[in-house]
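Asks: Going by this note's numbering, the first residue of the sequence shown is number 21, and it counts up by one from there.
Quick reminder that beta carbons are idealized off the backbone N, C-alpha and C, glycines included.
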Amino acid sequence: MKPINDHVKENLRVLFVGFNPSIRSSELGHHYANPNNRFWKILFEAGLTPRKYDASEDGKLLELGYGFTNIVQRPTKAADEITKEEYKEGKEILKKKIKQLKPQVVCFVGKGVYQQYSGIKTSPWGRQTEAVVPGVVDFVAPSSSGLVRMKLEEIVGIYKGLALLVSE
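(1) Have a look at residue 159 and residue 82 and give me their C-alpha separation to the nearest angstrom.
(2) Compare the Cα-Cα distances from residue 129 to each of 178, 149, 21 and 64 and report the closest residue.
(3) So, are the CB atoms of residue 118 and residue 107 less than 8 Å apart?
(4) Which of helix, strand or coil does DSSP assign to residue 132?
(5) Classify residue 44 as helix, strand or coil using the three-state DSSP reduction.
(6) Buried or exposed: which applies to residue 187, given that a residue is buried once 16 or more other Cβ atoms fall within 10 Å of its Cβ?
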């Protein structure tokens, strides 16, 4: 399995950070490509995109000011396969990316991603009171995986908070 390329540039409106690529994403070479992943539907329903994009169009979201990366690059079936060492290394690489790219907001797609990155054990959904990298807003959103037990409407509601934040 091969990692998938980041889609990033400087001064993004939002840099979305996932755990790591799924096997399906690795096979297709696109972020959030598993058909059970609701990421693209959530972005559209939350008002972050003008239409529902397909995973194959992930690079086109750079035009909207949205970029994609992961805290760990190695594809796995599930996030629980990621080792402590991979998280530790990924956290440092991610901090460097964020300092270099200076996005307006970093949206962590999953509370666990933010916890691994920040070292903070509990955090609310939405905007965090303190950013790990000064000058960048940290935003914690639920994972879009089909395994998440939250109702879609609840997840979309949290992502609507992100839409409001980037429209300010």
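Replies: The answer reads as follows:
(1) Across the structure, residue 159 and residue 82 are spaced so that their CA atoms are roughly 19 Å apart.
(2) It is 178.
(3) No, the pair does not count as a contact, with Cβ atoms beyond the cut-off.
(4) Residue state, collapsed to three classes: helix.
(5) Correct three-state label for residue 44: helix.
(6) With fewer than 16 other beta carbons inside 10 angstroms of its own, residue 187 counts as exposed.
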